[in-house]
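> Handing you this structure, nothing more for now.
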Amino acid sequence: MKNYIYMDNSATTPVKKEVLDEMIPYFIENYGNPSSIYSLGSKSKNAVESARDKVAKVLGAKSSEIFFTGGGSESDNWAIKGIAFANKNKGNHIITTKIEHHGVLHTCEYLERKGFKVTYLDVDEYGMIDINDLKNSITDETILITIMFANNEIGTIQPIKEIGEIAKEKGIYFHTDAVQAVGHVKIDVNELNIDLLSLSAHKFYGPKGIGALYIRRGVKLDSLIEGGAQERSRRAGTENVPGIVGLGKAIELAYENIDENNEKLITLRERLIKKVFDSIDYVRLNGHPTKRLPGNVSFCFKFIEGESLLLSLDMEGIAGSSGSACTSGSLDPSHVLLAIGLPHEIAHGSLRLSLGDFNTKEEIDYVVEKLTEIVQRLRDMSPLYEKAKEEK
Ligand SMILES: Cc1ncc(COP(=O)(O)O)c(C=O)c1O
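Per the UniProt record's numbering, residue 1 is the first one in the sequence shown, and the count goes up by one each step.
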């Protein structure tokens, strides 16, 4: 077994060797600027276009509908601000959910400060939106629905097809933050009526700082970054050629054996859940029991502080997370866990273990063994736990 067990694949993933091998020549030999007209430039341009084709193929999109960005946050910002500013003559209302990533939530809050109105839909105890709530919140002013494909903390997958149908029927643009879903879930933008979709390479064994935005042909949106004519004049800046090549290879690999990979991940996930419930009491599984990402497991352990749990796991060489990478480090409980109705004291005891292609059955068993010991040790220091035991 490895001496460090990594179970935080929703925060980021390692770059696969095959991905890095494809990227390296674009740092050293094929370093041309894709905009240059000599052959060294064309080599880079061809590599960028080939990666664009690979992304388009996976999403069922046209290559001309894929735009490379600096990652998931940029894609979210571009989609939401771009639609809002380009369509403000049609209306000023946006619908989203309370459990979005901050890339979406903070962008919506920014737009509220600029005079837009935003509805933040509630979710149920599993983190699922109610389709009727969505229908009822649409007004004549609604120009955009932005709802994440799958949640980064609790793994719940939203009813994307139904949302897409409603948006299409009402003539409202539909953007989905699919950063956690791409590479792990099969997605066809036409079947699902998605108009804009954000993705990020480092969530599926590609490099960090590179992503893409799918923009359906004909969608009206402003640019976020002005400058040169790159990305058909819609996203300026010299292309991150090695990153784009890496994204292309990583997405291709992710979908090559997706069914097999997911089956393996689901088996590991279910083993982890069962073992934890068999060995630890006062535990709750967050997120939907079945409509969830194959590798996501999210627990809340009563009478425990998530931070102490993480530090103790780290001392045993195990990496997990208390929520999303962006909120850990802050003492506020996760907005996602509060939105699914958990009280603060329970939300504080959260642990996300997100499994990836490199995890094994042996690692699961080892993690559960250590987790059981740590939870017991931490609870032994909790007067509330003692009281609960006495009352039992
Ligand atoms: C759902 C979701 N959206 C957006 C992002 C931001 O992506 P990036 O790190 O590429 O900016 C993340 C990253 O954790 C995420 O999980």
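The beta carbon of each residue, even a glycine, is placed where N, CA and C say it ideally should be.
Just the Cα atoms here: how many angstroms apart are Ala61 and Glu231?
The straight-line gap from Cα to Cα measures roughly 16 angstroms.
> So, using beta-carbon positions, are Gly317 and Gly356 closer together than 7 angstroms?
Not in contact: Gly317 and Gly356 (Cβ atoms no closer than 7 angstroms).
> By how many angstroms is the C-alpha of Leu293 removed from the C-alpha of Gly155?
Taking the straight line joining both Cα atoms gives about 5 angstroms.
> Applying the 10 Å Cβ sphere with the 16-neighbour rule, what's the burial state of Thr327?
Unreliable placement is indicated for Thr327, whose pLDDT of 45 sits below 50; the coordinate value is still reported in the next sentence. Classification for Thr327: buried.
> Under the three-state reduction of DSSP, which class applies to Arg235: helix, strand or coil?
It is coil, neither helix nor strand.
> Please work out which residues of its chain come closer than 7 angstroms, Cβ to Cβ, to Ala51, disregarding the five sequence neighbours upstream and downstream, and give them in chain order.
Cβ neighbours of Ala51 beyond the five flanking positions: Ile244, Val245, Leu247, Gly248.
> Under a three-way DSSP split, which group does Lys117 fall into?
In this structure, Lys117 counts as strand in the three-state DSSP scheme.
> Between the beta-carbon of Ala201 and the beta-carbon of Ala150, is there less than 7 angstroms?
Cβ atoms of Ala201 and Ala150: not closer than 7 angstroms.
> Which of the three DSSP states, helix, strand or coil, is assigned to Val241?
In the structure shown, Val241 sits in a helix (DSSP, three-state: H, G or I).
> Could you check if Glu125 is buried or exposed, using at least 16 other CB atoms within 10 Å of its CB as the buried criterion?
Counting Cβ neighbours within 10 Å, Glu125 comes out exposed, since fewer than 16 surround it.
> Could you check whether Val276 and Val368 sit closer than 7 angstroms to each other, using their CB atoms as the reference points?
Contact: yes.
> Measuring only from the beta carbon, is Gly71 closer than 6 angstroms to any heavy atom that is part of ligand 1?
Under cutoff, so the answer is yes.
> Quick check: the Cα distance between Glu33 and Pro25, rounded to an integer number of angstroms?
It is Asn, not Glu, that sits at residue 33 in the sequence shown. C-alpha separation (whole angstroms): 14 angstroms.
> Between Phe68 and Ala167, is the Cβ-Cβ spacing less than 7 angstroms?
Not in contact: Phe68 and Ala167 (Cβ atoms no closer than 7 angstroms).
> On the criterion of 16 or more Cβ atoms from any shown chain inside 10 Å, does Ser322 qualify as buried, or is it exposed?
Per the 10 Å Cβ criterion, buried.
> Is the beta carbon of Val182 within less than 6 angstroms of some heavy atom of ligand 3?
Judged by which ligands are present, ligand 3 is missing from the structure shown, whose ligands are ligand 1.
> Let's test the definition: count the other Cβ atoms within 10 Å of the Cβ of Ser324 and tell me whether it reaches 16, buried, or not, exposed.
At Ser324, the pLDDT of 45 sits below 50, so the modelled position is not reliable; the number obtained from the coordinates is stated separately. Buried.
> Under a three-way DSSP split, which group does Tyr205 fall into?
It is coil, neither helix nor strand.
> State the DSSP-derived secondary structure class of Ser75, mapped to helix, strand or coil.
If DSSP states are grouped into helix, strand and coil, Ser75 belongs with the helices.
> Please report the residue range of the alpha helix (DSSP H) in which Leu342 lies.
No alpha helix (DSSP H) holds Leu342; DSSP gives it neither H nor E.
> Quick check: what's the CA-CA separation for Phe303 versus Ile99?
Each residue's alpha carbon lies about 24 angstroms from the other.
> Return the first residue and the last residue of the beta strand (DSSP E) that Asn296 is part of.
Run containing Asn296: 296-301, per the beta strand (DSSP E) assignment.
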